[in-house]
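K.L.:
Residues 2 to 256, numbered by our numbering, are exactly what the sequence shown covers, in order. Virtual Cβ for every residue (Gly too), placed ideally from N, Cα, C.
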Amino acid sequence: NPDLPYTFKTTSGLTCVAPTFNFLVENYPEVETVAMIGIEEPSVLAAMEYSKGVAEALGLEVVLTETFPFGTEDFYPVWTKVIAANVDAVNLGGGVPAMGVSLFKQGRELGFTGPMFAAGGGIMPLMVQMLPPEFATDFFCADIDDESPEMPPIIAEIVGIMEDRYGKEFLLDHIFGWNALWVLAQAIEEAQSLDPTEVAQSWENMESLETAFGTAYMGGLETYGINHEVVRPFGFSQLMNGEVEFIKWILPELP
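Structure representation (structure tokens):
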């Protein structure tokens, strides 16, 4: 917000919400009702509230909203309520990717067969690793597929560094962290200064920046009152029959 003139946002969740619901409506026309499930965390709760408005604008009925505390492992009570509500699809909200996989798995175990989705990313690699093949279907989210030929070469470079130099399995957060430093470096270069005020003023007026995901632009003035969000392309992927399919890149507009 305008009271934080040195704070910039390099990763956005809300920009993914509308395209995710659009994908649901276009590819699952039989879906009429939706349940929202998410962790009790301020940013997730805000995203769920925004998601409800997006869903209703598309003619979907949000029948149920359920939350759970951080650290939850037993999601069966939540799923009992969701299944009793007889909804067509479920938005898994956001939070820790491993918790999202457990949430998905337990829903399938209790017999929910409808599509599930998440606007956030980082979950897809774990879905493939942790889910039995019979459950790994009808899931989509704003996530990349690091093995897809549609990925910019720099993503493969970052993944390689994490695996070869540090012995870490790929996580989307690795790219987020790297990306934040890269756009900061570009702002410093644009300002030709290390003075924080000059860098901030230069950054907010940049017409474009390069990110690991593609060319981005600065936005946020209408949404937050300050032009401090790096609006970048995000990948969109689908999990069907145990296989991840990268769908497309989307350069969104701020909500």
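How about F237 and T12: do their beta carbons lie closer than 8 angstroms?
P.N.:
Within the sequence shown, the letter at position 236 stands for residue 237. Within the sequence shown, the letter at position 11 stands for residue 12. In this structure, T12 does not lie closer than 8 angstroms to F237 by Cβ.
K.L.:
Could you have a look at L104 and say whether DSSP puts it in helix, strand or coil?
P.N.:
Position 103 of the sequence shown holds residue 104. In this structure, L104 counts as helix in the three-state DSSP scheme.
K.L.:
Please classify M241 as buried or exposed, where buried requires at least 16 other C-beta atoms within 10 Å of its C-beta.
P.N.:
On the sequence shown, residue 241 is found 240 positions in, with the first residue counted as 1. Exposed.
K.L.:
Could you tell me which of T73, N23 and F141 sits nearest to E246, measuring between CA atoms?
P.N.:
For the purposes of this step, residue 246 is identified with residue 245 of the sequence shown, where counting begins at 1. Comparing Cα-Cα distances from E246 to each of T73, N23 and F141, the minimum goes to F141.
K.L.:
By DSSP, does E244 sit in helix, in strand, or in coil?
P.N.:
As a first step, residue 244 is located in the sequence shown; it is residue number 243 there, counting from the start. Of the three classes helix, strand and coil, the one that applies to E244 here is strand, per DSSP.
K.L.:
Give me the Cβ distance between P98 and G123, rounded to the nearest whole Å; I'm assuming they're in contact under 8 angstroms.
P.N.:
Translated into positions along the sequence shown, residue 98 becomes position 97. Translated into positions along the sequence shown, residue 123 becomes position 122. Between G123 and P98 the Cβ distance is about 5 angstroms, and since that is below 8 angstroms, they are a contact.
K.L.:
Hey, quick one: how far does the beta strand (DSSP E) through N2 stretch, first residue to last?
P.N.:
Taking the first residue of the sequence shown as 1, we reach residue 2 at position 1. Run containing N2: none; DSSP gives neither H nor E here.
K.L.:
Compute the Euclidean distance between the alpha carbons of P134 and G60, then round it to the nearest angstrom.
P.N.:
Position 133 of the sequence shown holds residue 134. Position 59 of the sequence shown holds residue 60. When rounded, the distance between both Cα atoms is 32 angstroms.
K.L.:
Sorry if obvious, but does the Cβ on F177 come closer than 7 angstroms to a heavy atom of the ligand FAD?
P.N.:
The ligand FAD is not among the ligands present in this structure, which contains no ligands whatsoever.
K.L.:
Would you say the region 74 to 88 touches the region 34 to 43, given that touching needs at least three Cβ pairs under 8 angstroms?
P.N.:
yes
K.L.:
Quick check on F171: does DSSP put it in helix, strand or coil?
P.N.:
Position 170 of the sequence shown holds residue 171. Looking at F171 - three-state DSSP - the assignment turns out to be coil, as it is neither helix nor strand.
K.L.:
Jot down the residue ranges of each uninterrupted beta strand (DSSP E) in the region 108 to 175, minimum 3 residues, whole runs only, in chain order.
P.N.:
Within the region 108 to 175, the complete beta strand (DSSP E) segments at least 3 residues long are 117 to 119 and 140 to 142, listed from N- to C-terminus.
K.L.:
Within the region 18 to 48, note down every full beta strand (DSSP E) run reaching 3 residues or more, in order along the chain.
P.N.:
Counting only runs of 3 or more residues that sit fully inside the region 18 to 48, the beta strand (DSSP E) segments are 34 to 40, in chain order.
K.L.:
Work out the CA separation of A157 and M165 for me, nearest whole Å.
P.N.:
Position 164 of the sequence shown, counted from the start, is the residue given in the question as residue 165. Position 156 of the sequence shown, counted from the start, is the residue given in the question as residue 157. Checking the sequence shown, residue 165 turns out to be Asp, not Met. For D165 and A157, the distance between alpha carbons rounds to 12 angstroms.
K.L.:
Please state the DSSP three-state secondary structure of E62.
P.N.:
Translated into the one-based positions of the sequence shown, residue 62 becomes position 61. E62: strand per DSSP, three-state reduction.
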